[in-house]
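Novice: Structure below; questions to follow.
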Amino acid sequence: MVYYVSHCYQGDPENVRKAAKITHDLQMEDQNNCYVCPLLVFSHMGYDEIGHEPEMELCLDLLSVCDALIVASKVSEGVRREIEFAKMVNMEVTYLAETD
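Using this note's numbering, the letters of the sequence shown map in sequence onto residues 78 to 177.
Structure representation (structure tokens):
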């Protein structure tokens, strides 16, 4: 399975660090599946470089090819939209204990 690891960003580099650690730890614990996090996948782009809505569309495109969603932070507006999309397509949504 491919798991999408959702984490709030809001332009804070510390959130990227947290998301990277969570994604790393999940992957190390389960090497039979694949864990992807949009904060890491799109790290080559600057925050809001192409605008919030186009960035959100890229995230939802990535989510659409995943099998399940893992919510790994507080629920920001972007994370909320990812959850809504996952539920709309009947994707499994799992919430980790809040790490923030």
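Glycine is no exception: its CB is placed at the ideal position from the N, C-alpha and C atoms.
In terms of alpha-carbon separation, which member of LYS164, GLU169, ARG157 and ASN167 lies closest to CYS85?
Specialist: Checking every option, the nearest Cα to that of CYS85 belongs to ARG157.
Novice: Determine the direct distance from the alpha carbon of CYS114 to that of ILE99, and round the result to whole angstroms.
Specialist: 9 Å
Novice: Less than 9 Å separating the beta-carbons of VAL170 and ALA163?
Specialist: yes
Novice: Using 8 Å as the Cβ pair cut-off and three pairs as the minimum, do the segment 94-111 and the segment 128-138 touch?
Specialist: no
Novice: If we ignore side chains and look at the alpha-carbon of each, how far apart do SER83 and ALA145 end up?
Specialist: Cα-Cα distance, rounded: 10 Å.
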